[in-house]
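Take a look at the structure set out below.
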Amino acid sequence: MKITGTLINYYFHCKRQCWLFGNRINLEDNSEDVRIGRVLHELKDEEKDNTEISIENIKIDRITKDYLIEIKKSDADIEAVKWQVLLYLKKLKDKGIDKKGKIEFIEKNKQDKKIHYIELTDAYEKELIELSNKINNLLATKRPPLLMQQAKISNKCKKCAYYSYCYI
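Numbering of the sequence shown is given in my numbering, commencing with residue 508 and proceeding in unit increments.
What follows is the structure, encoded as structure tokens:
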């Protein structure tokens, strides 16, 4: 399966969410947080001329002369977004386009800054290959990963589009 930015993001966020989405069980249309994210993207797009671009199986929020820009509502999971941007940078590099990554957060809750920069290195490229293999192996399993046994449901679970699937 071709790995998308969403799959990478979900892999870091929650393996079960990644498996469900990768196996075409999509509950995102029912999520208020997903709707808010889409509206925020639309509002940002109205401000700029260089808006969302689709290349193969990825959607890039914005490209400038120097940067590939990914816009996120919240800074809750910076590691997931970092790898999503690295995948996009790799896809562009494979097409002969070298850019740096720029992640813009609309809401700054957990990080000390709203903008983060990243560059694709040889080490990151190797890790992307390993990550893609791990995701493909996860998606090839017959069933989604079991829920972690938790004393209480985490806040990220409560905001997830798959919450009703997992807990209700």
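C-beta: ideal position from N, C-alpha, C; glycine also.
Please read these numbers as outputs of a predicted model, since none were measured by experiment.
| Query | Result |
| --- | --- |
| Collapsed DSSP secondary structure at G603 in the structure displayed | coil |
| Best match in I562, F612, L527 and N516 for proximity to L646 [C-alpha to C-alpha] | L527 |
| With 16 other Cβ atoms within 10 Å as the buried cut-off, status of G608 | buried |
| Beta-bridge pairing of S561 - partner residues as DSSP gives them | K566 |
| Rounded separation between R650 and L514 - CA only | 16 Å |
| Helix, strand or coil at L653 [DSSP, three-state] | coil |
| Residues that G608 bridges to, as DSSP identifies them | L575 and I625 |
| K665 - containing alpha helix (DSSP H), residue span | N662 to K665 |
| Closest Cα partner of E626 within the set I642, N643 and L596 | L596 |
| DSSP beta-bridge partners of E614 | S581 |
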